[in-house]
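Read the structure below first, then the notes.
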Amino acid sequence: MDTYLAVASKRDWRSYADRPVPPEVERRILDAGRVSGSAMNRQPWVFVVVESPEAKERVAQTVYAQDNVRSAGLVIAIATPGGGSTLDVTAWNDGVASCPNGMPESDAAARALGLEEGLLPVSIPSFGYPKRPLDPESKGAEEWSREANRKPLDELVRRI
Ligand SMILES: Cc1cc2nc3c(=O)[nH]c(=O)nc-3n(C[C@H](O)[C@H](O)[C@H](O)COP(=O)(O)O)c2cc1C
Numbered sequence: 001m002d003t004y005l006a007v008a009s010k011r012d013w014r015s016y017a018d019r020p021v022p023p024e025v026e027r028r029i030l031d032a033g034r035v036s037g038s039a040m041n042r043q044p045w046v047f048v049v050v051e052s053p054e055a056k057e058r059v060a061q062t063v064y065a066q067d068n069v070r071s072a073g074l075v076i077a078i079a080t081p082g083g084g085s086t087l088d089v090t091a092w093n094d095g096v097a098s099c100p101n102g103m104p105e106s107d108a109a110a111r112a113l114g115l116e117e118g119l120l121p122v123s124i125p126s127f128g129y130p131k132r133p134l135d136p137e138s139k140g141a142e143e144w145s146r147e148a149n150r151k152p153l154d155e156l157v158r159r160i
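With the first letter of the sequence shown counted as 1, position 141 gets the number 141 in the working numbering; the numbers rise by one all the way through.
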């Protein structure tokens, strides 16, 4: 998929099909995080793949939108003192939808994830194939962009 189309058509998705995310897709999603840039290339993050049903339920109970995690085919917590990653657009390239999940108390989520002192989850994105099939190639990137529920660029861009 064209990169701009992947970004423009990507919506955060909360309704996942009951279908596992294959290991090779999971590996690509994780690798997208691995190759993300970071300040001074410190790569301060840890990616926690939440695999067991018990851990999934434990983690679900720590986020705002618990069903996002419960119904996901794949859950990966990103723990870092700061910084970002490109996991979600890479997943979308493989037809896997996703949604970032925030949490009211990151300490409780850290405990549920078994993280050591000093690491806190910044997001626990849920991944899965969309319940309702969605074809990003059905429209052009410009159309996806126009239809997105977003502020216009005029409101967002400043030049100095
Ligand atoms: C930092 C961040 C935290 C978010 N936290 C949650 C969350 O806790 N639960 C949730 O359902 N969606 C969460 N979202 C998804 C937003 O609601 C979503 O990006 C926004 O509504 C746009 O949705 P769309 O891409 O479907 O248009 C979060 C998004 C971001 C970027």
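Note that beta-carbon positions come from the ideal geometry of N, C-alpha and C, so glycine has one too.
Beta-carbon contacts of residue i that lie in its chain and below 6 Å, excluding the five residues immediately before and after
i    : result
W144 : A8, S9
G82  : Residue placement at G82 is flagged as unreliable, the pLDDT there being 48, under the threshold of 50; a coordinate-derived value is accordingly withheld.
D135 : none
Local conformation of residue i per DSSP, three classes
i    : result
P100 : coil
G128 : strand
Y4   : helix
L18  : The sequence shown places Asp at residue 18, rather than the Leu named in the question. Coil, per DSSP.
V122 : strand
A12  : Reading off the sequence shown, one finds Asp at residue 12, where the question assumed Ala. D12 falls in the strand class under three-state DSSP.
L134 : coil
Contact belief for residue i with residue j at Cβ below 8 Å, rounded distance in angstroms
i    : j    : result
A17  : P100 : In fact, because the Cβ distance is near 19 Å, the residues do not count as touching under 8 Å.
L120 : A60  : Rounded, the Cβ-Cβ distance is 18 Å, inconsistent with contact.
W92  : A6   : 6 Å
Residue i CB to nearest heavy atom of ligand 1 below 8 Å
i    : result
P81  : no
Y16  : no
P152 : no
Chain-order list of residues whose beta-carbon lies under 8 Å from that of residue i (same chain, five-residue window excluded)
i   : result
R19 : G73, G128, Y129
V50 : K56, V59, V69, V75, I76, A77, L113, I124
Handout entry: Every unbroken beta strand (DSSP E) inside the segment 37-92 [3 residues or more]
Key = Correct list: 46-49, 74-79.
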